[in-house]
Amino acid sequence: MADRPLVLGSHTLNSRLIVGTGKYATLELMQQCLEASGSDVITVAVRRERLVDASGRNILDYIDLSRYTILPNTAGCFNVEDAVRVARLGREILRGLENPGADWVKLEVLADTRTLLPDPVATVIACEQLVADGFQVLCYTSDDPITARRLKLAGATSVMPAGSPIGSGQGILNPNNIRICLEYLKENDPDYPVIVDAGVGTASDVAVAMELGCDGVLLNTAIASARDPLRMAHAMRLACHAGRDALLSGRIPRKLYATASSPTEGVISRALGN
904 MADRPLVLGS
914 HTLNSRLIVG
924 TGKYATLELM
934 QQCLEASGSD
944 VITVAVRRER
954 LVDASGRNIL
964 DYIDLSRYTI
974 LPNTAGCFNV
984 EDAVRVARLG
994 REILRGLENP
1004 GADWVKLEVL
1014 ADTRTLLPDP
1024 VATVIACEQL
1034 VADGFQVLCY
1044 TSDDPITARR
1054 LKLAGATSVM
1064 PAGSPIGSGQ
1074 GILNPNNIRI
1084 CLEYLKENDP
1094 DYPVIVDAGV
1104 GTASDVAVAM
1114 ELGCDGVLLN
1124 TAIASARDPL
1134 RMAHAMRLAC
1144 HAGRDALLSG
1154 RIPRKLYATA
1164 SSPTEGVISR
1174 ALGN
């Protein structure tokens, strides 16, 4: 049975995996990994990303803008003013490129450089300002359910809780918090999109996020810094599909004791007394 697509505001995604463009050894490798991931949305850090590298090559020359929707993000911003300014800069760049990603932004307002954890108060304020400015805001946040609920009330198109700190590769450290975020955010609104963002280390982390009930996963380092990025990109693609299919299939309940997997009726037995 075909799955429904992921809808984020006015955007409809065929793939539930969103990938980044940073940290690749070469632009050619990035291009190949984007293809292997199967993603139709890729995120670019407007503030951190060098659009032109040391050899004078433009990263946008390696991204098929007719195929991919760009999701600009505010990575590297540590206060509301910077985040709002970078979001607007990303909008102007994508308008000039006539890319449909001009109307949305992945919002990050970080608290410090050591943990790269979000500043919850600044994130809520920036979200409110960007929503008022016409943006569809996808908010990176911690796995705190209360903050997640506040961001939805602030108008976020999607709340994106971290599985673990950015680039840590620790996977989903607190699945119970993710479950509570899902409960709070989808209460009376089951189609509200919740996407795990940050901390993914390998394909099983993606599968776990999807099996928990998340609508998608956003990642970068887990592919770009893998020993074989191209193979990992393919693995992430398969894991996203597998986790989603497992969720929709409905897992069996966990039991303390064994249950025979073969039928118990009509079992051949030795007659009594023989």
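The opening residue of the sequence shown carries number 904 in this note's numbering; numbering runs sequentially from there. Note that the Cβ used here is the ideal one computed from N, Cα and C, for glycine as well.
Have a look at Ala1129 and Glu1168 and give me their C-alpha separation to the nearest angstrom. The alpha-carbon atoms of Ala1129 and Glu1168 are separated by roughly 50 angstroms.
Name the two residues that bound the continuous alpha helix (DSSP H) containing Pro1048. In the DSSP assignment, Pro1048 falls within the unbroken alpha helix (DSSP H) covering Pro1048 to Leu1056.
In chain order, which continuous runs of the alpha helix (DSSP H) of length 4 or greater are located wholly inside the region 1077-1164? The qualifying runs are 1078-1089, 1106-1115, 1124-1127 and 1132-1152.
Supposed contact pair Val1099 and Ala1112 - C-beta distance, whole angstroms, cut 8 angstroms: Correct: roughly 4 angstroms between the Cβ atoms.
Can you tell me whether Tyr1160 is buried or exposed? The criterion is at least 16 other CB atoms within 10 Å of its CB, across all chains shown. Exposed is the call here.
Is it right to say Val1024 is buried, meaning 16 or more other beta carbons lie within 10 angstroms of its own, or is it exposed? Counting Cβ neighbours within 10 Å, Val1024 comes out exposed, since fewer than 16 surround it.
Among Leu1122, Leu1000 and Val1040, which one has its Cα closest to the Cα of Leu1056? If we check each option's Cα against that of Leu1056, Val1040 comes out closest.
Per the DSSP calculation, Lys1009 is bridged to which residue(s)? According to DSSP, which records beta bridges pairwise, Lys1009 is partnered with Asn976 and Leu1041.
Within the same chain, show all residues whose beta-carbon is closer than 8 angstroms to that of Leu937, passing over the 5 residues directly before and after it, in chain order. So the list reads Val922, Thr924, Ile945, Ile966, Tyr971 and Ala1136, once near-sequence residues are dropped.
Got a sec? Which residues, its chain only, sit under 6 angstroms from Ile1069 by beta carbon, not counting five neighbours each side? Taken in chain order, the residues that qualify are Leu1019 and Ala1101.
Just reading off the beta strand (DSSP E) that Ala948 is part of, what are its end residues? Following the DSSP letters along the chain, one finds Ala948 inside the beta strand (DSSP E) bounded by residues Val944 to Ala948.
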